[in-house]
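Student:
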Amino acid sequence: MSMIGKLVAQRLALGLLTLFVVSLIIFLCVELLPGNLAQEILGQAATPETVAAFNRELGLDLPPHERYIAWLLDMTKGDFGRSLASQREISELLGMRVQNTFFLATLAAVIAIPLAVTLGILAALYRDSWYDRIVNVVTLTSISFPEFFVAYILIIVLAVNLGIFPSISNISEDLGFWEKVYRSALPALTLTLVVVAHMMRMTRAAIINLLASPYIEMARLKGLKPGRIILKHALPNALAPIINVVVLNLAYLVVGVVLVEVVFVYPGLGQLFVDSVSKRDIPVVQACSLIFAMTYVLLNLLADVLSIMSNPRLLHPR
Amino acid sequence: MTMSAPSNAFGGQASPWVSRIAMAAVHFFILVLFLQNVAADTWSSVIGLLFAHLYSVVALTYWSKIERTAAGDTVIVTVTLEYVLMAIIFWERASAWPWSTMFGLGMVQVCAFAAVKYWKDLRRAPASAWFGLIVILVYVMVAATAPIIAPFGETEIVGSEYDVWSNKHLLGTDNLGRDMFTRLIYGGRNTVGIAFTTTLLAFIIGGFAGILAAAMRGWVDQVLGRLVDILMAIPSFIFALLILTIVGTSIPSLIMVIAVLDATRVFRLARAVSMNVVVLDYVEAASLRGEGLWWLIRSEILPNILPPLVAEFGLRFCFVFLFLSGLSFLGLGIQPPTADWGSMVRDNATLITYGDITPLLPAAAIAILTIGVNFVVDWFLHKASGLKD
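So the sequence lines, in the order shown, correspond to chains A and B.
Residue numbering for the first sequence is 1268 to 1585, as defined by the numbering used here.
Residue numbering for the second sequence is -3 to 385, as defined by the numbering used here.
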């Protein structure tokens, strides 16, 4: 157990370091702006006085390291500063959107993970059969599709032609849970389709990889049924890579949300992010990328830790 | 032309005269093509002529060096002459865009050379790989000769908004009344061209750094490795958007940003595969006999890690291509009025809610190319792994 504890502690320390570096990069990106922020925002016509006032207001007259520490402390307190475009508090802009985005990502994950793992196990069980081949071609194709293509095909089929789901996800706070699920069904389905292919292929590969090992052959020679071999013997050892790929795909989900939210006009973080990028609203972009990047890093960390903890060799040391 | 080879360069099994006459015809064709332009733009025709002749010299030198058969020569000559014939039939359009015509000729010859050289492998390729190769060939040719094929100009407004499909406008018109079919052709040229350039740049940066890290070890490896770790800590889509906010979305900055972010993945692969090669005896033998670093990289390491890198190039291209179209779709990639598949979907998305599939054609074009490349990579990987056994 101490072995696991040590490994996990190592990963956690590394993760913390990564978080620190990520925040530093996001902070520094603005420092590297050609010219300076004030000039960029206020335009060439700005007088030295207005530039100085602007700098003082944003604290830009302080040396970089002091500013970084102040910025980081504000961020941890949930104070992201003000948007340059609308002058509103960024935390106010973020509040509901962060929730919406995580709701969407969770919904997609809840559909995608069981589906992908089941399909992957079935493909490994019946490998080289027609089922396996069809699944292989279908997943290879869906990996090759751009997200917005999948999204619009779903809109045309499910929203325009069949009229089952709304093509625009109009989410607001006062909606009930199921109403929310119904309205975000199409974006969630799009994300699911994009993610399932990869997860499924990796699950299949992880299990097939193990099927060649001697202890599986032993189980087969004992006369066990293929289903039992895969579920009882192969799966526990394949769990680590599977968990890894599942969590990595969740990390991908958080990013993939950006495109899908724009297609479905879903009021989430991704849309705010894209809007701010096109308006070059730097504080909002910083805040959004910080949230996205943190989620990504934390999920990666989770993947690392979980795959260590589910490794049977480490769990039962000799 | 280039008689540097000890034996007759045009010897071999094929009749030398056929090739010579064919090449003379092509030269005459290029001469006329660019001389037509002299009155309009002297410099571009002079540069064009120089470039065309440089290209011919390179092509002929290469031709004299590859293993040749009469059938292979016939294929190359026939394909070239057929292209010239096509250009003469559509002389009006072909002569209006001499650079595109010239580029198309180059592409036709490159494809013919490749087909002849790798015919043994191609013959045994599965149907899916053939499908992929044909898709790539069609895209490359359309991209090369876009202005010649396209019925209208790239940004020309030729009708009312959202016209339906008709004889004049094959796929209707877009939100500003530009011809959809024309935009689709030009979009292919821009999107594929930029994605290809980006991938190439990513491979030059990442591949070189990766091999260098593996060959030099020590602090170079450590520094490069940690730098890549840092760049990979932030999801690349988010990172790209963050940097593009700051540097702005011009095409050069787009190419640079995506190339650098993508080079990290190439670095990882190049380093990993060269690590396996660097420890082998023949590399040590070479370094003991005093070969320099550059020689080691070029002659010992690079040839041995080429197959996985080529396969990775295909996959990376798909990734960059989807990435770029995603950015354009968000309005943050290639900027209007340049035609581009991602932004075409975005601009015409309104039509989708009326059940019109026209805006999906560019997206389908993206999907077909990525599927094609994936199939070819699949075949290539299978072949490369088969050869090792």
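The beta-carbon is built from N, C-alpha and C at its ideal position, and this holds for glycine as well.
Thinking proline 1381/A and proline 1503/A are a contact (beta carbons under 8 angstroms), I'd like their distance in whole angstroms, please.
Tutor: About 18 angstroms; that fails the 8 angstroms criterion.
Student: With a cut-off of 9 angstroms, does the C-beta of threonine 1368/A fall near any C-beta of chain B?
Tutor: Not one chain B Cβ lies under 9 angstroms of threonine 1368/A.
Student: Sort out for me which residues DSSP pairs arginine 1349/A with in a bridge.
Tutor: DSSP lists Glu1356/A as partners of arginine 1349/A.
Student: Rounding to the nearest angstrom, what Cα-Cα distance links alanine 1375/A and arginine 179/B in this structure?
Tutor: The straight-line gap from Cα to Cα measures roughly 35 angstroms.
Student: Are three or more beta carbon pairs between the segment 1285 to 1300 of chain A and the segment 236 to 248 of chain B nearer than 8 angstroms?
Tutor: Yes, the segment 1285 to 1300 of chain A touches the segment 236 to 248 of chain B.
Student: At the 9 angstroms Cβ level, is serine 1556/A part of the contact set with chain B, yes or no?
Tutor: At least one chain B Cβ lies under 9 angstroms of serine 1556/A.
Student: Report all residues from its chain with a CB closer than 6 angstroms to the CB of leucine 1386/A; omit the five preceding and five following residues, and keep chain order.
Tutor: Same-chain partners within the cutoff: Met1467.
Student: Ignore the nearest five residues each way along the sequence and tell me which others in threonine 1457/A's own chain have a CB closer than 7 angstroms to its CB.
Tutor: Answer for threonine 1457/A: Glu1414, Val1417, Ala1418, Leu1421 and Val1527, listed in chain order.
Student: Just tell me which of Leu320/B, Ala211/B and Leu250/B has its CA closest to the CA of glutamate 280/B.
Tutor: When only C-alpha atoms are compared, the closest one is Ala211/B.
Student: Between which two residues does the alpha helix (DSSP H) containing isoleucine 200/B stretch?
Tutor: Isoleucine 200/B -> alpha helix (DSSP H) spans 176 to 212.
Student: Determine the direct distance from the alpha carbon of glycine 202/B to that of arginine 261/B, and round the result to whole angstroms.
Tutor: Distance between the alpha carbons of arginine 261/B and glycine 202/B is about 7 angstroms.
Student: Against valine 1529/A, what residues of chain B qualify as contacts under a CB-to-CB distance less than 7 angstroms, listed in chain order?
Tutor: Here the neighbours are Leu326.
Student: Following the continuous alpha helix (DSSP H) through glutamine 1553/A, name the residue where it begins and the one where it ends.
Tutor: Its alpha helix (DSSP H) spans residues 1549 to 1576.
Student: For a test of your reading of the model: does the CB of serine 124/B fall under 8 angstroms from any non-hydrogen atom of the ligand HEM? Yes or no.
Tutor: With respect to the ligand HEM, the structure offers nothing, as it holds no ligand at all.
Student: Going along chain A in order, which residues have a C-beta closer than 9 angstroms to the C-beta of isoleucine 297/B?
Tutor: What isoleucine 297/B touches in chain A: nothing, since even the nearest Cβ is about 29 angstroms away.
Student: Is isoleucine 62/B helix, strand or coil by DSSP?
Tutor: Coil, per DSSP.
Student: Thinking C-alpha only, which one of Glu1356/A, Leu1360/A and Leu1291/A is nearest phenylalanine 1540/A?
Tutor: Nearest C-alpha to phenylalanine 1540/A: Leu1360/A.
Student: Cβ atoms of isoleucine 330/B and arginine 186/B: under 9 angstroms apart, would you say?
Tutor: Looking at the sequence provided, one finds asparagine at residue 186/B rather than arginine. It is a contact, given that the beta carbons lie within the stated cut-off.
Student: Helix, strand or coil for threonine 169/B, going by three-state DSSP, please let me know.
Tutor: Threonine 169/B: strand per DSSP, three-state reduction.
Student: Within 10 angstroms of the Cβ of valine 337/B, are there 16 or more other Cβ atoms? Answer buried if so, exposed if not.
Tutor: A quick correction: the sequence has tryptophan, not valine, at residue 337/B. Result: buried.
Student: Please state if the CB of alanine 125/B and the CB of valine 341/B are separated by a distance shorter than 9 angstroms.
Tutor: The answer is no: Cβ separation not under 9 angstroms.
Student: Check the Cβ of threonine 1285/A against every Cβ in chain B and list those closer than 9 angstroms, keeping chain order.
Tutor: Chain B residues near threonine 1285/A: Asp225, Ile226 and Ala229.
Student: Counting only the same chain and skipping the five closest in sequence on each side, list residues whose C-beta sits under 8 angstroms from that of leucine 27/B.
Tutor: Once the five neighbours on either side are set aside, the close Cβ partners of leucine 27/B are Leu45.
Student: Who pairs with isoleucine 153/B in a beta bridge, going by DSSP?
Tutor: The partner list for isoleucine 153/B (beta bridge, DSSP) reads Arg174/B.
Student: What are the start and end residues of each continuous alpha helix (DSSP H) run of 4 or more residues lying completely inside the segment 12 to 80 of chain B, in chain order?
Tutor: Here the runs fully enclosed are 12 to 31 and 38 to 61.
Student: Taking the alpha-carbon positions, what's the valine 154/B to isoleucine 84/B distance?
Tutor: Each residue's alpha carbon lies about 28 angstroms from the other.
Student: Quick one, which of Ala361/B, Phe177/B, Glu150/B and Glu78/B has its alpha-carbon nearest valine 160/B's?
Tutor: It is Phe177/B.
Student: Going by alpha carbons, who is nearest to histidine 1465/A out of Gly1348/A, Val1551/A, Ala1518/A and Ala1426/A?
Tutor: When only C-alpha atoms are compared, the closest one is Ala1518/A.
Student: Give the range of the alpha helix (DSSP H) segment to which asparagine 1428/A is assigned.
Tutor: Run containing asparagine 1428/A: none; DSSP gives neither H nor E here.
Student: Valine 316/B and alanine 198/B - do their beta-carbons sit closer together than 9 angstroms?
Tutor: For alanine 198/B and valine 316/B, yes; Cβs fall inside 9 angstroms.
Student: Less than 9 angstroms between the C-beta atoms of leucine 250/B and threonine 194/B, yes or no?
Tutor: Closer than 9 angstroms, so yes.
Student: Taking 9 angstroms as the threshold (beta carbon to beta carbon), is threonine 334/B in contact with chain A?
Tutor: Output row for threonine 334/B: interface = no.
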